[in-house]
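Numbering (full-length UniProt numbering), first residue to last: 1 to 81.
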């Protein structure tokens, strides 16, 4: 019981002096920095995947245009016969 009272007194001193707030703020900053670093890595990976997909889409789009041109040329030749 006496130990609990001493713990409460110590907690009260920390609370009044602002140490509790500083400790909590420090822990929150540490947590957020870790979370942010993980998030940034995930965002970088996702951004790279998106960039690669965009390149693939552009290539496919170019291929479609080439095929359309070929088809159009073939149709023109057929119609001229």
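Just so it is clear, CB atoms sit at the ideal spot from N, CA and C, and this is done for glycine as well.
* Taking residue 9 as part of the alpha helix (DSSP H), name the residues at either end of that continuous run. => 2-17
* To do: Return the Cβ separation of residue 83 and residue 14 in integer angstroms, given the expectation that the two are a contact with Cβ distance under 8 Å.
  => Residue 83 cannot be examined here, being either before or after the span of the chain that is shown, 1 to 81.
* Asked: Nearest-angstrom Cα distance between residue 48 and residue 62?
  -> 21 Å
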